[in-house]
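Single-structure report; data block below.
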Amino acid sequence: MPCSQEAQVVSPSKWAWATEAGDMHLRFARLSEHATAPTKGSARAVGYDLYSAYDYTVPPMEKVLVKTDIQIALPSGCYGRVAPRSGLAAKHFIDVGAGVIDEDYRGNVGVVLFNFGKEKFEVKKVTHACMPERKIKVEGRRE
Numbered sequence: 001m002p003c004s005q006e007a008q009v010v011s012p013s014k015w016a017w018a019t020e021a022g023d024m025h026l027r028f029a030r031l032s033e034h035a036t037a038p039t040k041g042s043a044r045a046v047g048y049d050l051y052s053a054y055d056y057t058v059p060p061m062e063k064v065l066v067k068t069d070i071q072i073a074l075p076s077g078c079y080g081r082v083a084p085r086s087g088l089a090a091k092h093f094i095d096v097g098a099g100v101i102d103e104d105y106r107g108n109v110g111v112v113l114f115n116f117g118k119e120k121f122e123v124k125k126v127t128h129a130c131m132p133e134r135k136i137k138v139e140g141r142r143e
């Protein structure tokens with residue numbers, strides 16, 4: 001049984017399926033024209049990549065809530081987990097906080113980014129899928 005499926009919360013006509021791999025798929029809705037559909041980096045990727053809907057600057061030793069303008073629907077018994085990208089952590093000292101998405105949460109998925117580095121970090125709205133340093137993982141898990 002899939003751990004994440006796409007469901008309709010905004011309206012049935014606005015829901016779309018993210019890229020499928022095996023029996024995993026993610027039900028999501030775009031909340032604005034700025035939203036980029038979640039993707040999987042490969043067929044065996046653990047989670048989906050989420051994209052920033054807007055440009056942000058994260059000053060050194062501060063945090064920013066990055067909005068995706070994506071709404072997701074998780075099946076009963078699953079939760080979403082937003083995890084940091086190892087490249088962002090290793091190269092830029094960027095970490096993710098407050099990464100749990102409850103199965104009944106239907107708001108705009110936001111990602112709290114902490115900048116533990118000495119330089120500001122620029123998050124750019126993703127206009128194409130080849131900017132891996134701007135992606136955040138969401139994993140479906142049955143617990």
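Residues 1 to 143, numbered by UniProt numbering, are exactly what the sequence shown covers, in order.
For glycine and all other residues, C-beta sits at the position ideal for the given N, C-alpha and C.
If you're wondering where the values come from, they're calculated on a predicted model, not measured in any experiment.
Under DSSP, N108 shares a beta bridge with no residue.
For T36, no pairing in a beta bridge is given by DSSP. Burial is judged here by how many other beta carbons sit within 10 angstroms of a residue's own beta carbon; T57 has fewer than 16 and is exposed.
The Cβ-Cβ distance between V64 and V123 falls below 9 angstroms. In this structure, the beta-carbon distance from R44 to A37 does not fall below 9 angstroms. Secondary structure at K91: helix, using DSSP grouped into helix, strand and coil. A check of alpha carbon separations from D95 across S52, R27, C78 and G117 identifies G117 as the nearest. In chain order, V112 and F114 place their CB closer than 6 angstroms to the CB of G97, counting only its own chain and leaving out the 5 sequence neighbours on each side. Rounded to the nearest whole angstrom, the CA to CA distance from L26 to G77 is 14 angstroms.
Short of 6 angstroms from the beta carbon of H92, and not among the five residues preceding or following it, lie these beta carbons of its own chain, in chain order: G117 and F121.
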